[in-house]
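Okay, so here's the structure we're looking at.
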Amino acid sequence: MFNFLNTSVLFAAAAALIPLIIHLFSKRKVKIIEFSSVKHLKMMQKRQVRKLKIKQLLLLLLRMLIIFLVVLAFARPTTETGSFGSHASVSAVILFDNSVSMDRYVSDGNLFDIAKKRTGELLDNFGESDEILLLPLADIAGKNADFSFSSVSTVREILDNISANYMAADLEKGLINSLSKLKEAKNLNKEIYIITDYQRSILPDSTLSVDTSIPVNFIALPTEENDNCGIVSVDFGGQLIIPGHDFTIKAMVKNQSNEKQTNLIASLIINGNRMAQTEFAVDAESETEVTFTRSVSTSGFHSGYVEISDDKFVEDNRFYFSFKIPDHFNLLIIDSDNTGEIMKLALSPATTINQYWSTKITKANALAGINFWDYDVLFLTGAPKLETTYIQRIKSFLTQGRPVFITYDGQTDSDYFNKTYSELTGVRIDEPARLDFTRAGYYSLLSINMNHPVFSVFDYKADDIPELKFFTLPKVSTITEAESIMLFTGERPALVEHRYKSGKVLTFTGPLAPNYSDITANSFFVPMLSRIAEYLASDLSEFDFKSYCAQNITRVLPDNISTSGPLTLLTPDSTEYNILPEDEGSRIVAAIPSASLPGAYSILSGLKEIDKFSLNLNPTEAELYQTDVEQLSQAIGAKTNNLLAYDSQIGELLAEIRFGNELWQLFLWIAVVLLAIEMILSRSKVSDEEQ
């Protein structure tokens, strides 16, 4: 069965009738006059005339067939048998996984280099008449993406320039773009090739509903058993970092191998200096925590990373972080229940702390002239009644990411609290605390979430929590988003965390005044209050390590930055870019144009560093667990798939897979042969006519 690649010229086959039409018009009808003297000649020439007519008929058929064959040759006929003819032209799309997970080592060398070599071997099987589209899956929508077919020589140049990318491979988008381009392709044969390490994360979220009737060919690579070990996170534990004081960094290391990893070395580097090093081990298919305790001597911006021993995939062996220590921390206590002085004393027990932590107390009715923006943390004791103007300032304070701590008092107005503070705290007072209490009975602490950063530094056991006495308590409830960190007996929330816009709010629902409880006299009070303040102020240290490469990054800049001129972005590879700050009304921001590398980034205004942040490899890209061809084919809805094994010749496999041999050259040669025969017969016919 034949197919035609250029069906538009088939109408020209009607030209094969031209010789017949000419023959019919040139045939003349003559009047016959009988001569008795020539009758005997007719008998003699009868055989020669019959022979001449046969030659004329053959010439007519040959001329018609020659024209017909030439037209068919231009229509580019193909056959599915593959038994004869030249290879039919192909339109092919090669989906090349250039995500960073490909840039790892296997027994045969670097997997990314092997993939490029195998792709080059694949290109050896295309001719200059074929059209090829090479799509790097980790830059499918990037500025370097090219969705046009090219010749094999051009594609080789593109392949040579492809490098591993920290973006995730998007197979789904690549396949959709491939099918769209192949619909426009001019060749009958259409092919899709996928070259990947079969990482599970490349699977689409759901089976694709696109038409994948085009054969999908998978180029096998020598992927090996997953033995990767990498750092998945770094945690500062909500600490307030003060120059000269130790702080703790915890790195979580994950072992993906089914064997225990031992004799590993973890190092802590801060500001380019190796600060600490420790040996550790991690069980098979599990995680372990590596802890460092160190200090920095100055305030300002700092950056560093935690690093573990190299393995076959080195990209997740470092985890970068950045943080900023303010020159000074200021805390404002707005006192309405006379516990402000007790709090101030608890927050500043030592003169060394006072060097970096300043506490001021004011009454709720004496806020005139006080600028909330001069302070880093607000404490509102007794949930004070404030004018609407000050409540709006507190909301603005929280919106800008500043933290607030609110306490309850026996004299707190429940209706006012619910109307004013519930939105901020996530707490609602259902019943106020009874004031006609006796000290015969009391509430105590039922539980503490020791995993929360406020209390994770303490060594309390579940059955060894502090013994506190609260002689009266309000009955409160919390909204879904609020988290109860501590509970009183009777399952009553004690310490509740809630986020209002960008700011953290902690609420303590037990009255602190000595006539309601003994908490201020308990040894637990000072460390608890200090940890609350440190946890709330920890955001002021601006730990930046939770963003990933290739994300859209927008940085909030200091309010005093001018938007009239460009700033300088310094990337981890020391490349400099000009960026323009923008005024968004309540804040100054800058969009980061190039954030494709892991490491520390700096924003400079002139020579002054005004911001610093770090980016890391997306953890999903370091998950080297694999899928297989059948799962991947099913996920993308491929109706036909072929695996080109790693230890085989791609050319031989393609010869078995491909169908559709193009016959235009064969048809043209037949036409030439017939033309030669026609010329010979034509000369013979002329000779016979002369006789």
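So this note's numbering is basically just the index in the sequence shown, starting at one, shifted up by 1066.
The beta-carbon is built from N, C-alpha and C at its ideal position, and this holds for glycine as well.
Contact between the segment 1153–1163 and the segment 1241–1261 is present: three or more C-beta pairs spanning the two stretches fall below 8 Å.
Shown here, P1593 sits in a helix according to DSSP, grouped into three states.
Nearest in C-alpha terms to V1362, of all of E1325, F1574, N1337 and L1732, is N1337. Annotated three-state conformation of F1077 is helix, per DSSP. Counting along the chain, R1494 sits inside the beta strand (DSSP E) bounded by residues V1493 to E1497. The beta-bridge partner set that DSSP reports for K1705 is empty. An exposed status is given to V1738, since fewer than 16 other beta-carbon atoms sit within 10 Å of its beta-carbon. Secondary structure of H1089 (DSSP, three-state): helix. Given a length threshold of 3 residues, each whole run of the beta strand (DSSP E) inside the segment 1129–1192 is given here in chain order: 1143–1145 and 1156–1162. In the DSSP assignment, S1352 falls within the beta strand (DSSP E) that extends over S1352 to R1360.
I1120 counts as exposed, since fewer than 16 other beta carbons sit within 10 angstroms of its beta carbon.
The C-beta distance from T1405 to L1578 rounds to 5 Å, short enough to fall under 8 Å.
Selection L1490, P1309 and A1701 evaluated against Y1566 yields L1490 as nearest (Cα-Cα). D1401 counts as buried, since no fewer than 16 other beta carbons sit within 10 angstroms of its beta carbon.
For F1389, the uninterrupted beta strand (DSSP E) segment begins and ends at R1384 to I1391. Within the segment 1218–1274, the complete alpha helix (DSSP H) runs of at least 4 residues fall at 1218–1227 and 1237–1249. For secondary structure counted as the beta strand (DSSP E) over 3 or more consecutive residues, the segment 1394–1478 holds these complete runs in sequence order: 1395–1401, 1423–1429, 1443–1447 and 1470–1473. For D1481, there is no enclosing beta strand (DSSP E); the enclosing alpha helix (DSSP H) has its first and last residue at S1480 to T1486. Within the model, the alpha-carbon separation for F1302 versus R1222 is close to 48 Å.
DSSP, read as helix, strand or coil, puts D1677 in strand. Contact between K1320 and R1170 is ruled out by a C-beta separation of about 16 Å, above the 8 Å threshold. Of the residues assessed, H1394 falls on the exposed side of the cut-off, its CB having fewer than 16 other CB atoms within 10 angstroms. Around the beta carbon of W1730, 16 or more other beta carbons lie within 10 angstroms, which makes this residue buried. Pairwise C-beta distances place the segment 1184–1198 in contact with the segment 1710–1723, as three or more of them are shorter than 8 Å. Taking C-beta atoms under 8 Å as the contact rule, L1413 and A1599 qualify, at a distance of about 6 Å.
Here I1399 is actually not in contact with G1366; their C-beta atoms are around 27 Å apart, not less than 8 Å. In the structure shown, D1625 falls within a coil segment according to DSSP collapsed to helix, strand and coil. Per the C-alpha coordinates, the member of Y1474, T1273 and A1499 positioned closest to Y1487 is Y1474. Following the DSSP letters along the chain, one finds K1320 inside the beta strand (DSSP E) bounded by residues F1313 to N1321. With a threshold of 16 other beta carbon atoms within 10 Å, T1538 meets it and is buried. Pairing I1627 with I1654, the inter-Cα distance amounts to about 7 Å. Annotated as proximal: L1553 and L1512, with beta-carbon spacing under 8 Å.
For the pair N1243 and S1155, the CB atoms are not nearer than the 8 Å cut-off. Judged by beta-carbon spacing, E1547 lies beyond the 8 Å limit of G1467, meaning their Cβ atoms are not closer than that value. The C-beta distance from D1440 to N1396 rounds to 6 Å, short enough to fall under 8 Å. In the DSSP annotation of this structure, the continuous segment of the beta strand (DSSP E) that includes G1569 starts and ends at G1569 to F1574.
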